[in-house]
Each structure stands twice: as C-alpha cells, then as structure tokens.
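Numbering (my numbering), first residue to last: 23 to 268.
Have a look at the structure below, then the notes.
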Amino acid sequence: MTQPPRNRETIEHIQPLVAFTGAGISAESGVPTFRGEGGLWEQRRAQDLATPSAFARDPQLVWRFYRWRRNVIGGCLPNAAHRLLAEMEQRLEDFTLITQNVDGLHESAGSQNILHLHGSLWRLRCTRCAARWEGRDSLREDTLPRCPECSSLARPDVVWFGEPLELQLLADAQRAAARCRTMLVIGTSALVQPAAQLPMLAKSNSAQVIELNVDRTPLTAHADYSIQGPATITLKKWWDALQNQA
Ligand code: OAD
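Encoded structure:
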C-alpha cells in the first residue's frame, strides 16, 4: 500500500511521535546498509563477523571488520534526514528517537536523546569487567584493543546476533512505542527482532504507523501508509505537509 500522506494532521495531532530508524536513513550519507544491493551481509556472513562465537573464534577478523566500518563511517556526514529528526526533537514536545544504527550520525546531526538499541561503533567495552568507554580514535591495525582497567580484550560495544538487547533500553523503547500516537519507521528492513516488533507494538496500541523506505518491507502491508523514496526527500515532504496544516 503506497499512498500519499494524509495531510489532515497538524503538529499537535501527531504527538507523541516516535521516529524509529535503521541503516537506510544513513544510506544517503554513504554508510552501507546490511541487506539489499551492496548491503554488508550480501558478501559477508553475519555469523562470521557479528556474533559472540565469531569473536571468540577470531577476534582479529572481527576487529578488522569493525575497524573497516569505523574508517568508512568516520568519513561520512549526517544527511538532511538526520538533521530534520534533530530539528523535530527541538520543535516537538513529545518526541522519541529510537535507532538500530551504530554509526553515530544522529548524534552528529544534533539529536540528543536517542535510544540506541544496538549500541555504538564508537564505544568499546571489556569482555571481562564492566568497563565501557568512548573510543573514537583510530585503532591500531596490528594490535587488539585492551581494557584500560583490567587489560582484558576489548570488543565493540554493539549488540551482536544471538545477544540480548539491554533490558532497560528495550523497555524504554517499548514504552515509547506503546504510548505514541504516530510512529515514523525510516529506512529499516524491519526484519531483525526484537527491534522489528516496535512498529507492530505501536500499531496494536492504535498509533498511526508511517513507513518511509525506498522499497517494500514486511511492515509495508501493516503500515497505515507507506511513502516510497529516499529518506532525505520523503521525511522533508511529510514534515513540510504538516507545517502547511499548522
Ligand atoms: P537493513 O540493511 O536490513 O535495511 C535497510 C533498509 O533501508 C532497507 O529496507 C532499504 O530498502 C532501506 N533503504 C535503503 N536506502 C534508503 C534510503 N535512502 N531511504 C530510505 N530507506 C532506504 O538495515 P536495518 O533494518 O537497520 O543489527 O538492519 C537491522 C539490523 O540488522 C541492524 O541494526 C544490524 C543488522 O544486522 C545488528 O548489527 C545487531
């Protein structure tokens, strides 16, 4: 179902608003997505690079993959869709941003309150103790990063396949989804659980679910409407239409 936006809503009518983002919002910044043409998992196996067992088996290989991603993403800038979500946070009284992205581009665009369901590429954590730290500097090619507190092996502070999401974060995201009046679902294939449940949770609590994506996804048939196209264009179009109603 691809329909033009219903333009009857005003800014008051859409709140509480939740924006739920995936890799597609960063695609126009040059960040590779995971699935689809040119996606990271098209030529690589997630099991070999993004699971606890892959890291236990070959931490060098996993770190090489994450160093490469940090290098690619370190050269990317936030785009108009990231910036518009940051503006919405300022303009709206009841707005929550939930992201599956680990690229840090929402923060670079100026968003402040972000529920990072899958962690951050720019943080590291210890495999043994509870230490977690920001690590934006480039990591040396030939050595594995170590914990500054106990010297054990460090890992990227991201959620890997087979790992649970942080309970409090997930609970906060579920609460926001369950109470919102509108959910914008931007650039996600809506395949990875439990994140992918959030739009359905919003829907089952009578929210209007609006999908912005270049393609159809498993969510498309359930969304109230689905706006096809690149996020930088469709998000602005939706937002501008709202302003015109105000
Ligand atoms: P995917 O790569 O699975 O999906 C990206 C989605 O963005 C697809 O549906 C594309 O059609 C869409 N897309 C691409 N370019 C777009 C654009 N310019 N504008 C709008 N949409 C666009 O990424 P995610 O759904 O984020 O998890 O993937 C979910 C999780 O799977 C990730 O967080 C990661 C991954 O494996 C972990 O690492 C745990």
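For every residue, glycine included, the Cβ atom is placed at its ideal position computed from N, Cα and C.
A quick note: this is a predicted structure, and the numbers were derived from the prediction, not measured.
Suppose the cutoff is 6 Å on Cβ atoms and the five residues either side in sequence are ignored; what does the same chain contact list for Tyr88 look like?
If we look at Tyr88 and ignore the five residues flanking it on each side, its Cβ neighbours are Pro178.
For ligand 1, I want to know if Pro100 counts as a neighbour, meaning its beta carbon is within less than 7 Å of at least one of the ligand's heavy atoms.
Every heavy atom of ligand 1 is 7 Å or more from the Cβ of Pro100, so no.
Between which two residues does the beta strand (DSSP E) holding Ile208 run?
Start and end: Thr204 to Ile208.
For ligand 1, is there a heavy atom less than 7 Å away from the beta-carbon of Pro252?
Checking every heavy atom of ligand 1 against the Cβ of Pro252, one is found closer than 7 Å.
Please return the same chain residues whose Cβ sits closer than 7 Å to the Cβ of Val91, not counting the five positions on each side in sequence.
Note that residue 91 corresponds to Arg in the displayed sequence, not to Val. Contacts found: Leu143.
Tell me whether the beta-carbon of Ala72 lies closer than 8 Å to the beta-carbon of Trp182.
Their beta carbons are under 8 Å apart, which means Ala72 touches Trp182 by this criterion.
Mind checking who Val180 pairs with in its DSSP beta bridge?
Paired residues: Gly141.
Going by Cα to Cα distance, which pick from Ile255, Pro240 and Ile232 is closest to Tyr247?
Tyr247 has its Cα closest to that of Ile232, out of Ile255, Pro240 and Ile232.
With DSSP run on the structure shown, which of helix, strand or coil describes Ser314?
In this structure the chain extends from 23 to 268, so residue 314 is not present and cannot be described.
For Ala41, which three-state DSSP category applies?
Ala41: strand per DSSP, three-state reduction.
So what does DSSP say about Asn266, is it helix, strand or coil?
Three-state DSSP puts Asn266 in a helix.
Give me the Cα-Cα distance between Arg145 and Glu156, rounded to the nearest whole angstrom.
So the alpha carbons of these two residues sit roughly 4 Å apart.
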